[in-house]
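**Q**
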Amino acid sequence: MTSDPAHPHAALLGELTRLMSRWSSLELQRRITAECGVSLDPVAVRAVYLLGVAGGGARPSVLADELHLTRPSASKLVARLTEAGLAERRRDPADRRAATVELTETGEDVYRRLFSAGVGMVDAATADWDPADVRALGALLHRFVGGLLRPDPAPGNREE
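Numbered continuously in my numbering, the sequence shown closes out at residue 1218.
1) Measuring straight from C-alpha to C-alpha, what distance separates Leu1108 and His1126?
2) For Thr1128, which beta-bridge partners are listed by DSSP?
3) Hey, quick one: how far does the beta strand (DSSP E) through Val1168 stretch, first residue to last?
4) Find out if the Cβ-Cβ distance for the pair Phe1173, Gly1110 is shorter than 8 Å.
5) Only counting runs of 4 or more residues, tell me where the alpha helix (DSSP H) segments fall wholly within the stretch 1127-1160, in order along the chain.
6) Determine, using beta-carbon pairs with one atom in the stretch 1118-1134 and one in the stretch 1070-1084, whether at least three such pairs fall under 8 Å.
7) Using the three-state DSSP reduction, which class does Gly1095 fall into: helix, strand or coil?
8) Suppose you measure from the CA of Ala1197 to the CA of Gly1205; what does that come to, to the nearest Å?
9) Going straight from the alpha carbon of Val1203 to that of Asp1188, what length do you get?
10) Using 10 angstroms around the beta-carbon of Val1177, count the other beta-carbons present and answer buried if the total reaches 16, otherwise exposed.
11) How big is the Cα-Cα spacing for Asp1062 and Leu1195?
12) How many Å lie between Thr1091 and Val1192 at the Cα?
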């Protein structure tokens, strides 16, 4: 493990940090929701997006974990989404004791608008790129995320 700024991965880490910070910034989230004509706080935007990516449903505990929320905060989020008509609780068909949170038709529409706005932003950011470079970045990011999700020794225990 190194903190050397000349390390080959230091620049990558810096750019990833800038990307995540910008993409999740309140300013950008507000701009996207305004463009989409929806009035949602950034956590609700991420929840709608997660539910949409998941095919419309997930257990509240999964939402809590993915959004880094406590269980009570996730419960309040689900209540806000339900009140707004974007989601509803349903019995989990795999475990009748558990519930899932699923997007309603309105929630699915909001998800599609948010997703479309995100695609538009990526399109604008890469407008002057060669299409092969856009595909290459997508493939590299897919590999990178796969590497992050792969079970591996703790970062401090890796051989350099």
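Where is the CB? At the ideal position from N, CA and C, for every residue including glycine.
For clarity, every value in this text was computed on a predicted model and none was experimentally measured.
**A** In terms of the structure at hand:
1) 13 Å
2) None, per the DSSP bridge assignment.
3) Not the beta strand (DSSP E): Val1168 falls in the alpha helix (DSSP H), residues 1163-1183.
4) yes
5) 1129-1141
6) no
7) coil
8) 12 Å
9) 23 Å
10) exposed
11) 26 Å
12) 25 Å
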